[in-house]
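When you line the sequence shown up against our numbering, it's residues 37 to 171, in that order.
Report on one structure; see the data block that follows.
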Amino acid sequence: DGFQIRTLILAMFYRLAPTLIREGYTYIAESPLYEISDGKTTHFAYSDSEKNETVQKLGSKRVQVKRSKGLGENDPEMMWLTTMNPETRKLIRVVPEDVKRTAEFFDLLLGDNLAGRKQFISDFGSNYMDLVDVS
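See below:
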């Protein structure tokens, strides 16, 4: 789903080019999580709720739902259709509310303080279990 790579790249920008983020020049081109086909048309969903809504809208039609591949596994045509085409892509502007706090958080998650990271995961990891995809 790209979250690990996204986090690493954002951490790099925070450390090496924080002005790009502070000034609002950083965007994430989000790739879909699901490809939903009814045999005639293909729909893309960026979350579980979008997937469920799309499947429900298609109703009694025979629907095939596939988990989308990671960006590195997509062929160029699919990459263009879902992530790169300015007409159809979904961009998320990176706008931190508190630049200092965000930088500290990245340092905690990706820095050298292993004990601090373990403590954070121990304290707050259970809050995110519903987001974990272990399928």
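Glycine is no exception: its CB is placed at the ideal position from the N, C-alpha and C atoms.
First and last residue of the uninterrupted beta strand (DSSP E) at Tyr-70: 70 to 73
Candidates Glu-86, Lys-126 and Gly-60, of which the one nearest Ile-72 by Cα: Glu-86
Would you give the residue range spanned by the beta strand (DSSP E) that Glu-133 belongs to? Segment: none, Glu-133 is in no beta strand (DSSP E) and carries neither H nor E.
Can you tell me whether Phe-65 is helix, strand or coil according to DSSP? Sequence check: residue 65 is Ala here, not Phe. In the structure shown, Ala-65 sits in a strand (DSSP, three-state: E or B).
Rounded to the nearest angstrom, what separates Lys-97 and Asp-74 at their Cα positions? C-alpha of Lys-97 to C-alpha of Asp-74: approximately 6 angstroms in a straight line.
Under 8 angstroms, with one C-beta from each stretch per pair, do the region 81 to 95 and the region 43 to 56 reach the 3-pair mark? no
Exposed or buried, what is Ala-81 when buried is set at 16 or more other beta-carbons lying within 10 Å of its beta-carbon? Classification of Ala-81: buried, given that the 10 Å Cβ count is 16 or more.
Find the nearest neighbour of Ala-53 within the set Ala-139, Leu-94, Asn-163 and Asn-149, judged by alpha-carbon distance. Ala-139
So, at 6 angstroms on beta carbons, what are the nonlocal neighbours of Glu-133 in its own chain, with the 5 sequence-adjacent residues on each side left out? Cβ neighbours of Glu-133 beyond the five flanking positions: none.
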